[in-house]
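Participant: Attaching a single structure in structure tokens format; questions to follow.
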């Protein structure tokens, strides 16, 4: 039974490391990404070698490998949400009155606004971790607004 738990746990770790590696590489951290790939490869070799050994006599190893992959994928997604690396730009169109109030609340972030007729397009650049908070502030002043978010590729 211990072998099945080991396969399950190490497969979770492998998949979570793979997800984490993709996150850090997509955010420009190449050296950390390479190190995480090294760890990922080590875990993969260990767990896969364990599963393949006597696979015909113990097919239950395959089930625990697949279950670990399922849970590891989910854990990786949770990790990605918690880490939330990078920068987002949040855009919305609202009235000029609401725009001024929103800009006042969000003044610690980079804000660009474009006034047109009776409305204003606001673009707020903020850390991805703060995106939900920024959107909540915007919705506090304009409950019916449409909000668009984009990941920023480079920001300086």
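In the working numbering, the protein residues as written are 4 to 159. Where a beta carbon is used, it is the ideal one built from N, C-alpha and C, also for glycine. Model, not experiment: these values are computed from the prediction.
When the Cα atoms are used, what is the spatial distance from residue 117 to residue 48?
Facilitator: The alpha-carbon atoms of residue 117 and residue 48 are separated by roughly 54 Å.
Participant: Buried or exposed: where does residue 123 fall if 16 or more other Cβ atoms within 10 Å of its Cβ makes it buried?
Facilitator: Burial call: buried.
Participant: Measuring CB to CB, does residue 86 end up less than 9 Å from residue 53?
Facilitator: Not a contact, by the Cβ cut-off of 9 Å.
Participant: Taking the beta strand (DSSP E) that residue 124 belongs to, which residues open and close that run?
Facilitator: Per DSSP, residue 124 belongs to the beta strand (DSSP E) from 122 to 130.
Participant: Identify whether residue 133 lies in helix, strand or coil by the three-state DSSP scheme.
Facilitator: Note: residue 133 maps to helix in three-state DSSP.
Participant: Return the bridge partner residues of residue 97 from the DSSP annotation.
Facilitator: Bridge partners of residue 97: 123.
Participant: May I ask you to list the residues that DSSP assigns as paired with residue 91?
Facilitator: Its beta-bridge partners are 129, 154.
Participant: Is residue 113 helix, strand or coil when you go by DSSP?
Facilitator: The answer is strand: DSSP assigns residue 113 an E or B state.
Participant: With residue 59 as the anchor, note down where its alpha helix (DSSP H) starts and where it stops.
Facilitator: That residue, residue 59, is in no alpha helix (DSSP H); it is neither H nor E in DSSP.
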